[in-house]
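Heads up, the thing below is written out as structure tokens.
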Amino acid sequence: MTTRVYEMTYEGVKELQSELEHRKTELSMDIAERLKEARALGDLSENSEYDDAKEAQAKNEGRIAEIEVILKHAKVIEETSISSEEVTLGSVVKLKDLEFDEEMTYTIVGPQEEDIVKAKISNESPVGAAIMGAKEGDTVTVRSPAGKLKYEILEINK
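Heads up: the sequence shown begins at 897 in the numbering used here, then just goes up one per residue.
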């Protein structure tokens, strides 16, 4: 069985380490307190507070295990390996949607760091995969459920 390597930015590793610490300390203590309070209500067979706290505990423990595996097998992308000549993991890319004439800027990250709210897209997402290896001035076509989308690479930065 091959162990998956998780390519990540330094910032992404730090964020996961912070999340792990939070989940192991504050969140675990909060859940333990909720369980204690729910047990004090009596009969556990029909105690929704207890059930909710147990579910939260299971989700938290599952995420802790997931983060630990990711961090154990993380390969940090060195700043020096990020190219400004072509799109690589860690690149900050300015794109132009050729259909709607809109510009957008994304940071290309591994799937574990993806956060569309922070404009971080995975190198495995349709757009991320299509632009990997592209250079400034290139036009790429992205196949998506909405159809074919065309983007021009305007800028690539570290």
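By construction, the Cβ of each residue, glycine as well, lies at the ideal position given by its N, Cα and C atoms. All figures in this text were calculated on a predicted structure; none of them were measured in a lab.
- Taking a cut-off of 8 Å for Cβ pairs, the region 1026 to 1039 and the region 952 to 960 do not touch, as fewer than three such pairs fall below it.
- For Asp939, the secondary structure class from DSSP, reduced to helix, strand or coil, is coil.
- When DSSP reads this structure, Ile1049 sits in a beta bridge with Leu991.
- Here the region 912 to 927 lies against the region 953 to 973, with 3 or more beta-carbon pairs under 8 Å apart.
- For the 7 Å CB-CB criterion, Leu985 and Glu907 do not form a contact.
- The region 986 to 993 makes no contact with the region 932 to 949; the number of CB pairs closer than 8 Å stays below 3.
- The beta-bridge partner set that DSSP reports for Ser1018 consists of Val1005.
- Following the DSSP letters along the chain, one finds Val909 inside the alpha helix (DSSP H) bounded by residues 906 to 918.
- By the CB criterion at 7 Å, Leu994 and Met1000 fall outside the cutoff.
- The alpha carbon of Ser1021 has as its nearest neighbour, out of Asp1034, Ile966, Ile1049, Ile1004, the alpha carbon of Ile1004.
- In this chain, the beta strand (DSSP E) harbouring Ala970 covers 970 to 972.
- Excluding residues up to 5 positions away in sequence, Ala1026, Ile1027, Ala1030, Tyr1047 lie with their Cβ nearer than 6 Å to the Cβ of Val1036 in the same chain.
- Collapsing the DSSP output to three states places Thr921 in a helix.
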